[in-house]
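Asker: The sequence shown runs 489 to 692 under my numbering.
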Amino acid sequence: SWRRPVMFRDGLMIALLALRPLRRANFCETEIGRNLVRHGDGYRLTFDITEPKTEYRIELPFPAAHLVQLERYLTFYRPWLCRLTGHRNPAYPFREPGNCLWISKTGSALSVEGFYKNIRNLTEAKFGFNVNPHLFRDCLATSVAIHDPEHVGITRVLLGHKTSTTAERYYNLAGSVQASGRVQACIGEIRGRLRNGSEGDASS
489 SWRRPVMFRD GLMIALLALR PLRRANFCET EIGRNLVRHG DGYRLTFDIT
539 EPKTEYRIEL PFPAAHLVQL ERYLTFYRPW LCRLTGHRNP AYPFREPGNC
589 LWISKTGSAL SVEGFYKNIR NLTEAKFGFN VNPHLFRDCL ATSVAIHDPE
639 HVGITRVLLG HKTSTTAERY YNLAGSVQAS GRVQACIGEI RGRLRNGSEG
689 DASS
């Protein structure tokens, strides 16, 4: 009774992480009406970030590509999850779901620890290695730097950083990735020539 809504929730979480890789605490503790807010025909993700000596707000549109799935989750699968009462373990405190967006298979608000372990397990089962929530942030920053370096500054906005220092760091990482790719291609070309040469010698 719990597998279907949990699978839908997991799929939506991973799809959202790929496009809006928020800090895991912000992502997991998203509340409907406070952090997920109606805006026109869609939704907006809004968070107040508090860091040492500074406070600021990040606002991002919910990805349009997943609005249909979000609506389905909000109207059908989330209420289903909230009704689940089985699989509860007295060793773990029950957290009232309230307006929390992400609900566990016990009808509890999904904890940050549970979210983190769940994403690791899901990605490892699918890809053979785990991709933790923070690596989603790394992937986005590096992908922008490699494929759209002229707009690397958007990384700061998408990741909710106060300054562009992180964007610059990933821009440098992208340069090393491209450089290593060119070296690998060069080595592959040399190996290919050597292999062809050896075959030629053997045939003669």
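Virtual Cβ for every residue (Gly too), placed ideally from N, Cα, C.
Near R560, what residues of its chain come up, given a Cβ to Cβ distance below 8 Å and the 5 sequence neighbours on each side ignored?
Answerer: As a first step, residue 560 is located in the sequence shown; it is residue number 72 there, counting from the start. If we look at R560 and ignore the five residues flanking it on each side, its Cβ neighbours are F496.
Asker: What does L646 pair with, by DSSP beta-bridge criteria?
Answerer: Taking the sequence shown and counting its residues from 1, one reaches residue 646 at position 158. Looking at the DSSP assignment, L646 forms no beta bridge with any residue, so it has no partner.
Asker: Unbroken beta strand (DSSP E) runs of length 3 or more, entirely within the region 507-593: which are they?
Answerer: 524-527, 530-539 and 542-549
Asker: Identify the continuous alpha helix (DSSP H) that holds S631 and give its terminal residues.
Answerer: Translated into positions along the sequence shown, residue 631 becomes position 143. First-last of the alpha helix (DSSP H) with S631: P621 to H635.
Asker: I believe T573 touches G602 by the beta-carbon criterion, under 8 Å. Please report the beta-carbon distance rounded to the nearest angstrom.
Answerer: Here residue 573 is taken as the residue at index 85 of the sequence shown, counted from 1. Here residue 602 is taken as the residue at index 114 of the sequence shown, counted from 1. Actually they do not touch by this definition, with Cβ atoms about 17 Å apart.
Asker: I need the straight-line Cα distance from Y604 to D498, nearest angstrom please.
Answerer: Counting from one through the sequence shown, the residue named residue 604 turns up at place 116. Counting from one through the sequence shown, the residue named residue 498 turns up at place 10. Straight-line Cα distance between these residues: approximately 12 Å.
Asker: Check whether the region 547-559 and the region 516-531 touch, using three or more Cβ-Cβ pairs below 8 Å as the test.
Answerer: yes
Asker: With respect to the alpha helix (DSSP H) encompassing A613, which residues constitute its N-terminal and C-terminal limits?
Answerer: The residue you call residue 613 lines up with position 125 of the sequence shown. From DSSP, the alpha helix (DSSP H) with A613 extends over V600 to F615.
Asker: Using a 10 Å radius around the Cβ and a threshold of 16 neighbouring Cβ atoms, would you call E612 buried or exposed?
Answerer: As a first step, residue 612 must be located in the sequence shown, where it is residue number 124. Exposed, since its Cβ has fewer than 16 Cβ neighbours within 10 Å.
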